[in-house]
Amino acid sequence: MSARIDLVVTAVDDAVPGIRSLTLGSPDGERLASFTPGSHLVLDVPAGEGRPRPAANAYSLTGESVDPRHYAISVLRCAPASEGGTAGGGSAWVHGLAVGDRVTATPPRSAFAPVHLATRHLLVGAGIGITPLLSHLRSHVRWGREAELVYLFRDGHGAHVDELKELGGDRVTFLADRAGLAEDLAVRLADQPIGTHLYTCGPAGFMDAVVALATELGWPSSRVHLEPFGVEALDPGEPFSVRVAGDDRVLDVPAGTSLLEALEDAGHVVPNLCRQGVCGECRVDVAPGSSPVLHRDLFLDEETKGAGDCLMACVSRAVPAADGRAHLEVTL
Amino acid sequence: MTPPPTLSPTVSTAPDLVAGFPFPFPNPTYRYTTNVEPARGVVTTPAGQWGAAVVDVDSAYGEELAERAAILERDPSRHAVLPHMQVACWDAMLCLMRELALSRPDAFALEVLDDLEGGSRAAYRWRNDLLGIDHTFVLGDASTLPDEPLRWITAQVQEDVVLLDERDGVLWGDAGVVTFAADWSFGFDVGMSFLEIHGPVPRIHAEGVITRAHEFIKRLQPNETYRRTNWTLTVHRRLDVSTETYPEWGPDRPMVLTVDDETFGRLVHLRTEVQHLVRLPESGAVMFLIRSYMLPFDELARVEEWRERAAAVIAELPEDMADYKGIATYRDRAAAWLRAQAPTP
Numbered sequence: 009m010s011a012r013i014d015l016v017v018t019a020v021d022d023a024v025p026g027i028r029s030l031t032l033g034s035p036d037g038e039r040l041a042s043f044t045p046g047s048h049l050v051l052d053v054p055a056g057e058g059r060p061r062p063a064a065n066a067y068s069l070t071g072e073s074v075d076p077r078h079y080a081i082s083v084l085r086c087a088p089a090s091e092g093g094t095a096g097g098g099s100a101w102v103h104g105l106a107v108g109d110r111v112t113a114t115p116p117r118s119a120f121a122p123v124h125l126a127t128r129h130l131l132v133g134a135g136i137g138i139t140p141l142l143s144h145l146r147s148h149v150r151w152g153r154e155a156e157l158v159y160l161f162r163d164g165h166g167a168h169v170d171e172l173k174e175l176g177g178d179r180v181t182f183l184a185d186r187a188g189l190a191e192d193l194a195v196r197l198a199d200q201p202i203g204t205h206l207y208t209c210g211p212a213g214f215m216d217a218v219v220a221l222a223t224e225l226g227w228p229s230s231r232v233h234l235e236p237f238g239v240e241a242l243d244p245g246e247p248f249s250v251r252v253a254g255d256d257r258v259l260d261v262p263a264g265t266s267l268l269e270a271l272e273d274a275g276h277v278v279p280n281l282c283r284q285g286v287c288g289e290c291r292v293d294v295a296p297g298s299s300p301v302l303h304r305d306l307f308l309d310e311e312t313k314g315a316g317d318c319l320m321a322c323v324s325r326a327v328p329a330a331d332g333r334a335h336l337e338v339t340l
Numbered sequence: 012m013t014p015p016p017t018l019s020p021t022v023s024t025a026p027d028l029v030a031g032f033p034f035p036f037p038n039p040t041y042r043y044t045t046n047v048e049p050a051r052g053v054v055t056t057p058a059g060q061w062g063a064a065v066v067d068v069d070s071a072y073g074e075e076l077a078e079r080a081a082i083l084e085r086d087p088s089r090h091a092v093l094p095h096m097q098v099a100c101w102d103a104m105l106c107l108m109r110e111l112a113l114s115r116p117d118a119f120a121l122e123v124l125d126d127l128e129g130g131s132r133a134a135y136r137w138r139n140d141l142l143g144i145d146h147t148f149v150l151g152d153a154s155t156l157p158d159e160p161l162r163w164i165t166a167q168v169q170e171d172v173v174l175l176d177e178r179d180g181v182l183w184g185d186a187g188v189v190t191f192a193a194d195w196s197f198g199f200d201v202g203m204s205f206l207e208i209h210g211p212v213p214r215i216h217a218e219g220v221i222t223r224a225h226e227f228i229k230r231l232q233p234n235e236t237y238r239r240t241n242w243t244l245t246v247h248r249r250l251d252v253s254t255e256t257y258p259e260w261g262p263d264r265p266m267v268l269t270v271d272d273e274t275f276g277r278l279v280h281l282r283t284e285v286q287h288l289v290r291l292p293e294s295g296a297v298m299f300l301i302r303s304y305m306l307p308f309d310e311l312a313r314v315e316e317w318r319e320r321a322a323a324v325i326a327e328l329p330e331d332m333a334d335y336k337g338i339a340t341y342r343d344r345a346a347a348w349l350r351a352q353a354p355t356p
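Protein chains in written order, with our numbering: chain A, 9 to 340; chain B, 12 to 356.
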């Protein structure tokens, strides 16, 4: 289990419909640890109100990164299952917090850092995906690096619009429709100085479109960086079985139950955080004699996935081998 | 018989340097492993303890800083900062200041003078009472510092520093101040990848030690701090045994075989490197700190557990590792010398 820090809600801002901005301070009022631009906190979400298990949700830090007095996050409310949606209920819980409430979280974690060797930084965000790019922009402005930002949002639903304007001035472009974005980006991506890096964050379909356009225009993948946001609900998957080294039992993992949940239900302890295939905590070694793995995480690189000797237990599953059997031998 | 060569004056070992010596052999044999552990854990030894501080200040502070300054004066290539590492240098400077203040709050203090907002730059006040420094500077404004940030702060710590940039899934040694290298050259290595820098080390590649270390370091989160130890033997209390100065110290290795036992015990030092790895927050670079501690064999042998363990490890060390550490010529005598110091029953 990773270390946790205690935080207290010091301000709540609901000015943008559906988006809540929270500031979190240390309970003793001390400054908080500095963090890398693009970092996120993983907030502990307790069980309750339609959440059968405690959860942990990652939220990008939007505020000051150097010797900050508080951590700031902005959270889009997604409808949980109890309201007919597909979300896990973490964002609804955040929208119920009040000033003075205590929360626990991981210290800031970095998975989307600016590349310092870049000659220029092109930031492209949509919707709530603006949050990690805001801290990138703040850092670029501070250090005098070449940067520009394109932000797509529905009219009246843009978060941090005034802050971005004040921070970036004419380096910031606001767009309101996808078609306009495609046109704008086609020009921008074709006309960047050598050494520019592209960073994008937003819904999966949006990022796919940005990456497809960049690829088409000849951008190498090493110059394109993604921060997956709002991981969408995964397919429940097919059932399979698993045996843990040193434990004779063969456990069933039904459709709709993750390997992580099945292992926990059988009494095994697996370190974990986000339970969404992003954080990299619940990595499990897969031993020979296992069926092929369906990797569904965003953490392992392609080479590691191809090697097939480990998986992220929260989202990945076994799929039937040639003999029709779907079974994993794992070491915890 | 030729007369013994002229010896440099012996520096007597201050009591705190013995009590705080990080003895590097937890096991009866030594092999390369990915031996990293969380920093700040205190290790008690038969002579005292070490490990509480990430940046350690001891009674050799003034002497070692003077030596670093002299080396940099003679050979400026010991300091290098590739242009994209400037933010990492500011980051490293702030981090080292905070660590100094944690280690010795009586002597060091870093104070944030105003808040940053909207991409602005904060002012800080730094006090180093040991060197009589009381200085106010603005983050990122080079004109407010008396020197390049990394060189300025490494003139105030006993550690060597290498800064690793992470990109394309690889760590690159792109900045640093290294004046006390043990048989390597920072000027040669700067700009190389972590894997390239470790190219010459025997065994570690086949055994996967270095790729595991590389993966481990890449997973470090902002402010996370780990440490490991490394070791070798050095003739004379000579901190700068870099490739550049080989003509000065290389002949010591055969020379030490010609001296009498008493001189041998005074000249040969067990050298421990305590290395810290810190993920710097603002730049995301990894700061690699190398602090070199040296204890002459005659002091080491006074601690019976150290004497016995060091003798066993040095005697057993495989030849290729002894060769890489540069101790192949005199390791047998070193082990025999330590064994001969056994207390008479």
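Just so you know, even glycine gets a beta-carbon here, dropped at the ideal spot from N, CA and C.
9 angstroms or more divides the Cβ of Arg325/A from the Cβ of Gly213/A. Cβ proximity to chain B below 8 angstroms picks out Arg39, Ala41, Ser42, Phe43, Thr44 from the region 10 to 44 of chain A. Counting along the chain, Met203/B sits inside no alpha helix (DSSP H), nor does DSSP assign it H or E at all. Within the region 293 to 311 of chain B, Glu293, Ser294, Gly295, Ala296 place their CB atoms closer than 9 angstroms to a CB of chain A, listed in sequence order. Here DSSP, grouped into helix, strand and coil, assigns Glu122/B to strand. Contacts with chain A (Cβ-Cβ distance below 8 angstroms) from the region 142 to 160 of chain B involve Leu150, Gly151, listed in chain order. In the three-state DSSP reduction, Pro300/A falls in the coil class, being neither helix nor strand.
Residue contact check for Pro262/B against chain A: no CB pair falls below 9 angstroms.
Legend: CB atoms of the region 160 to 187 of chain B lying less than 8 angstroms from CB atoms of chain A belong to residues Asp176, Glu177, Arg178, Asp179, Gly180.
With a 10 Å radius around the Cβ and a threshold of 16 neighbouring Cβ atoms, Tyr257/B comes out exposed. For Gly184/B, the enclosing beta strand (DSSP E) stretches over residues 181 to 188. Here the region 61 to 73 of chain A makes contact with the region 130 to 147 of chain A; the two share three or more CB pairs at distances below 8 angstroms. Between the region 271 to 288 of chain B and the region 307 to 326 of chain A, the count of C-beta pairs closer than 8 angstroms stays below three; the two stretches do not touch. Those residues of the region 151 to 179 of chain A placed with their C-beta closer than 7 angstroms to a C-beta in chain B are Trp151, Glu174, Leu175, ordered along the chain.
Beta-carbon to beta-carbon, Gly58/A and Glu235/A are separated by about 28 angstroms, too far to satisfy the 8 angstroms threshold.
At a cut-off of 9 angstroms between beta carbons, Ser324/A makes no contact with chain B. For Ser131/B, the nearest beta carbon of chain A is closer than 9 angstroms to its own beta carbon. In chain order, His124, Leu125 make up the part of chain A whose C-beta sits under 7 angstroms from the C-beta of His95/B.
Taking the CA atoms as reference points, Asp22/A sits about 48 angstroms from Gly202/B.
Not a single C-beta of chain A is nearer than 9 angstroms to the C-beta of Arg238/B. Linking Ile144/B to Thr181/A through their CA atoms gives a straight-line distance of about 46 angstroms.
Look at Arg150/A here: in three-state DSSP terms it is helix. Ala99/B has a beta carbon lying within less than 9 angstroms of a beta carbon in chain A. One thing to note: Leu105/B has its Cβ no nearer than 9 angstroms to the Cβ of Leu124/B.
In this structure, Ser253/B keeps its C-beta atom at 9 angstroms or more from the C-beta atom of Trp163/B.
With a contact defined as Cβ atoms closer than 8 angstroms, Phe227/B and Val47/B qualify at about 6 angstroms. Under DSSP, Trp163/B forms no beta bridge with any residue. Counting along the chain, Thr208/A sits inside the beta strand (DSSP E) bounded by residues 204 to 210. The closest CA to that of Gly254/A, considering only Thr339/A, Glu289/A, Glu156/A, is found on Thr339/A. Taking Asp185/A as reference, the option from Pro279/A, Gly92/A, Arg162/A with the minimal CA-CA separation is Arg162/A.
Looking at Asp158/B, Arg132/B, Ser131/B, Gln167/B, the one whose alpha-carbon comes closest to that of Arg138/B is Gln167/B. Exposure of Gly219/B is indicated by the presence of fewer than 16 other C-beta atoms within 10 angstroms of its C-beta. The CB of Pro115/A comes closer than 9 angstroms to the CB of Gln232, Pro233, Asn234, Glu235 in chain B, given here in chain order. Counting along the chain, Gly133/A sits inside the beta strand (DSSP E) bounded by residues 128 to 134.
Partner residues in the beta bridge of Met305/B, as assigned by DSSP, are Arg282/B. Using a Cβ distance threshold of 9 angstroms, Leu40/A and Tyr67/A do not count as a contacting pair.
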